[in-house]
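See below for the structure under consideration.
Residue numbers (my numbering): 106 to 495.
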């Protein structure tokens with residue numbers, strides 16, 4: 106039975122968010138088609154503007170859109186010679202001279218669900234003002250957004266529109282996050298689309314099985330009624346931990362205490378959050394070297410005792426994790442072990458989305474509108490952009 110058939114979803118204002126989580130496998134295939142259709146344009150832009158210039162690459166966005174860059178940057182940095190960074194628009198706008206370098210050819214890659222957030226526009230305009238040799242890639246779910254319109258009129262910009270249904274109507278970013286993430290991943294694998302398509306097809310099949318059957322594994326965690334949730338991951342998976350943490354915080358309207366951290370960073374203070382009311386979710390890497398550190402932390406948490414609930418999310422069967430955790434959630438499907446973390450992210454992501462949605466409902470909150478008072482908004486409000494005079 107698909108998690109959409111959950112009776113609690115029918116009773117609450119969560120139809121948009123639930124549908125948008127469920128539609129992701131379908132939209133990933135649409136995203137792949139979009140990138141394939143723009144293959145030549147993307148190839149030419151990258152070779153003429155990015156690689157030959159040895160340009161500095163900045164991934165940017167706000168909130169979940171910033172976490173796309175945080176999740177993506179480690180993989181891209183490893184695979185190309187360019188300097189690759191992830192810097193939120195919120196930082197670029199507030200302190201532009203701390204980040205923009207006028208003497209450095211720069212490619213600003215903006216992720217934007219709506220393209221109407223003040224900081225998205227502010228970062229775009231400041232970059233144009235301060236960097237003489239600037240190129241821009243806009244990946245957006247809204248072709249009518251202000252950012253898309255600005256970039257479309259700029260000959261030094263490339264605009265990639267996500268599937269229309271990825272422009273989530275729900276409060277939180279779900280399918281918008283995964284589609285924009287996947288499109289950027291494909292963008293930097295543009296010469297290997299046929300090869301990566303086979304892997305995407307497998308991830309789509311895995312995701313469908315997660316949504317159709319494995320939501321019950323998440324329900325087991327919710328039934329424990331714990332008050333705190335901690336997400337941990339290394340490198341690429343730390344970016345995912347940030348996104349999962351934010352999703353839980355948003356959809357439960359802050360009623361559940363949430364924290365993210367790197368696996369090794371957790372011991373350096375943040376571990377103080379752990380008590381008997383804590384769920385700790387660790388995204389396990391497919392990198393055998395990285396996994397050694399993750400298993401060490403699992404052993405430590407087991408030796409600490411107490412009534413916390415430790416969950417390992419793994420890409421394939423991992424006996425060591427089963428011996429060290431209260432619960433292991435394994436991505437369904439074959440050959441997941443051989444996938445890079447940058448790909449398995451797309452499957453791991455769904456568990457966090459389902460957890461946030463169902464726990465929101467458990468707490469009597471509407472996932473589609475968890476902040477009816479307007480204290481927090483789907484598109485950020487209340488930001489005044491100021492002229493910058495250098």
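Glycine included, C-beta positions come from ideal geometry on N, C-alpha and C.
Quick caveat, the model's predicted, so the values are computed rather than measured.
Top-ranked residue by Cα proximity to residue i, from the options
i, options, result
"residue 329", "254, 385, 205, 443", "385"
"residue 181", "198, 155, 405, 411", "155"
"residue 235", "209, 190, 467, 222", "209"
"residue 175", "193, 161, 185, 183", "193"
"residue 429", "441, 443, 406", "406"
"residue 390", "367, 404, 463", "367"
"residue 361", "336, 273, 441, 292", "336"
"residue 145", "232, 292, 413, 470", "292"
"residue 125", "258, 488, 472, 158", "472"
"residue 451", "377, 118, 388", "388"
"residue 79", "375, 195, 114, 254", "Because the chain is modelled from 106 through 495, residue 79 falls outside the range shown and cannot be assessed."
"residue 189", "202, 201, 165", "165"
Residue i: first and last residue of the uninterrupted alpha helix (DSSP H) it sits in
i, result
"residue 324", "320-327"
"residue 309", "298-314"
"residue 148", "144-150"
"residue 198", "194-199"
"residue 280", "280-292"
"residue 169", "169-184"
"residue 128", "Neither: residue 128 is in no alpha helix (DSSP H) and is coded neither H nor E."
"residue 393", "393-409"
Short Cβ contact (8 Å threshold) for residue i with residue j
i, j, result
"residue 283", "residue 133", "yes"
"residue 465", "residue 356", "yes"
"residue 448", "residue 425", "no"
"residue 303", "residue 382", "no"
"residue 191", "residue 178", "yes"
"residue 252", "residue 225", "yes"
"residue 215", "residue 250", "no"
"residue 439", "residue 433", "no"
"residue 275", "residue 122", "yes"
"residue 455", "residue 305", "no"
"residue 94", "residue 286", "Past the boundaries of the shown model lies residue 94; the chain is included only from 106 to 495, so the question cannot be answered."
"residue 135", "residue 268", "yes"
"residue 277", "residue 347", "no"
"residue 458", "residue 279", "yes"
"residue 240", "residue 349", "no"
"residue 151", "residue 198", "no"
"residue 258", "residue 130", "no"
"residue 416", "residue 453", "no"
"residue 141", "residue 298", "yes"
Simplified DSSP assignment, three categories, for residue i
i, result
"residue 207", "coil"
"residue 447", "helix"
"residue 337", "strand"
"residue 432", "strand"
"residue 157", "coil"
"residue 371", "helix"
"residue 236", "coil"
"residue 363", "strand"
"residue 379", "coil"
"residue 215", "strand"
"residue 426", "helix"
"residue 493", "coil"
"residue 276", "coil"
"residue 122", "helix"
"residue 163", "strand"
"residue 317", "helix"
"residue 141", "helix"
"residue 222", "coil"
"residue 461", "helix"
"residue 250", "coil"
"residue 330", "coil"
"residue 258", "coil"
Inter-residue Cα distance where the pair is residue i and residue j
i, j, result
"residue 365", "residue 212", "29 Å"
"residue 245", "residue 266", "5 Å"
"residue 260", "residue 147", "14 Å"
"residue 204", "residue 319", "43 Å"
"residue 435", "residue 422", "6 Å"
"residue 445", "residue 294", "13 Å"
"residue 186", "residue 462", "39 Å"
"residue 323", "residue 222", "33 Å"
"residue 99", "residue 343", "Past the boundaries of the shown model lies residue 99; the chain is included only from 106 to 495, so the question cannot be answered."
"residue 358", "residue 341", "26 Å"
"residue 492", "residue 233", "13 Å"
"residue 437", "residue 392", "19 Å"
"residue 247", "residue 272", "6 Å"
"residue 409", "residue 281", "39 Å"
"residue 489", "residue 118", "32 Å"
Residue i beta carbon near the ligand MG (any heavy atom closer than 7 Å)
i, result
"residue 178", "Because no ligand of any kind appears in the structure shown, any question about the ligand MG cannot be addressed here."
Residue range of the beta strand (DSSP E) that includes residue i
i, result
"residue 266", "262-266"
"residue 241", "239-245"
"residue 386", "383-388"
"residue 417", "414-419"
"residue 190", "189-191"
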